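Those letters in the sequence shown? Residues 10 to 218, per this note's numbering, in order.
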Amino acid sequence: MPFNPGKSLAMGAFPMPCSLKFLLPAMILAGSVAALAQSQPRVYPGLGTPLSQADIQSFDRMIGPEGKELPPGRGTAKEGAAIFAKRCEICHGKGTNEENGLLRSLVIGSPGKPYRGAFYGEERNGPSYYPYATIAWDYINRAMPPSNPGSLAPNDVYAVVAFLYYWNGIIKENDVMDEKTLPKVVMPNRNGFVPAVPVYPPEKKPSWY
Numbered sequence: 010m011p012f013n014p015g016k017s018l019a020m021g022a023f024p025m026p027c028s029l030k031f032l033l034p035a036m037i038l039a040g041s042v043a044a045l046a047q048s049q050p051r052v053y054p055g056l057g058t059p060l061s062q063a064d065i066q067s068f069d070r071m072i073g074p075e076g077k078e079l080p081p082g083r084g085t086a087k088e089g090a091a092i093f094a095k096r097c098e099i100c101h102g103k104g105t106n107e108e109n110g111l112l113r114s115l116v117i118g119s120p121g122k123p124y125r126g127a128f129y130g131e132e133r134n135g136p137s138y139y140p141y142a143t144i145a146w147d148y149i150n151r152a153m154p155p156s157n158p159g160s161l162a163p164n165d166v167y168a169v170v171a172f173l174y175y176w177n178g179i180i181k182e183n184d185v186m187d188e189k190t191l192p193k194v195v196m197p198n199r200n201g202f203v204p205a206v207p208v209y210p211p212e213k214k215p216s217w218y
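Below, the structure written as structure tokens:
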């Protein structure tokens, strides 16, 4: 059957109601409003707590390799053993249990015999891996115990660090760790990292300098 498409209706041009001189200012105005909205601080009702200056200062606890930021305090390995049993054992296990406790998760080496081999895998868990003695103090002070981080007193932190360093063979059992002696401890893996910038300990200048 032949198909009859019928008549095509003529379509007139649709008249534009506005010209470019009106469109351009409208676009500029819209962009200005969007930019102004982005510059205003967002408000989140009921979210967050305002921080006081004391709160902010309490977060400033980072300890550098030189130990200049260390607070006064002292501790020994014997004192640290009691603190470890009370505050740390719940996660790290009892004392010297090689299978489930301290020697597996935090110690590599033994008293009087620091580990001086290569560090792979689990060997990187313990404080022996750190290049500077102050790193363990800084970490324990800020992050331990996980249930109440930052709650250990400076004396407790010094004692726990002494306890760990003794079992890693880094210091002797009766050595006192404080803000003066701790930075002087030479870690067995001191040279296992790219030198710190600035270099620590500072290099001596030649006589001709």
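Glycine included, each C-beta is placed from N, C-alpha and C at the ideal position. Only a predicted model underlies this, so the values are computations on that prediction, with no experimental measurement involved.
Looking only at its chain, what residues have a beta carbon closer than 6 Å to the beta carbon of residue i, apart from the 5 residues adjacent to it on each side?
i: residue 141; result: 74
i: residue 92; result: 165, 168 and 169
i: residue 202; result: 140
Which residue comes first and which comes last in the alpha helix (DSSP H) that contains residue i?
i: residue 98; result: 98-101
i: residue 89; result: 86-92
Between which residues of its own chain and residue i is the CB-CB distance below 8 Å, once the five residues before and five after are set aside?
i: residue 211; result: none
i: residue 160; result: 154
i: residue 182; result: 85, 86, 87, 120 and 175
i: residue 100; result: 154 and 155
i: residue 132; result: 117, 124, 126 and 138
i: residue 199; result: 140 and 141
i: residue 190; result: 184
i: residue 149; result: 161, 166, 169 and 170
Under 7 Å Cβ to Cβ from residue i, same chain only, skipping five residues before and after it: list those, please.
i: residue 135; result: 115, 116, 117 and 177
i: residue 23; result: Interpretation of residue 23 is limited by its pLDDT of 49, a score under 50 that renders its predicted location unreliable; the figure taken from the coordinates is listed afterwards. The answer is none, since no qualifying residue turns up.
i: residue 180; result: 171, 174 and 194
i: residue 151; result: 70, 158 and 159
i: residue 72; result: 78, 79, 143, 146 and 147
i: residue 76; result: 143, 188, 191 and 192
Going by DSSP, name the residue or residues bridged to residue i.
i: residue 123; result: 118
i: residue 71; result: In DSSP, residue 71 forms no bridge with anything.
i: residue 186; result: 84
i: residue 203; result: Its beta-bridge partners do not exist; DSSP assigns none.
Round the Cβ separation of residue i and residue j to the nearest angstrom and send it over; I've been treating them as touching at under 8 Å.
i: residue 163; j: residue 82; result: 3 Å
i: residue 143; j: residue 60; result: Not a contact, Cβ separation roughly 27 Å.
i: residue 128; j: residue 139; result: Wrong, their Cβ atoms sit about 10 Å apart, outside the cutoff.
i: residue 204; j: residue 123; result: Contact doesn't hold; Cβ gap of about 21 Å is too wide.
Continuous alpha helix (DSSP H) assignments of at least 4 residues falling wholly in the stretch 139-167: 143-152
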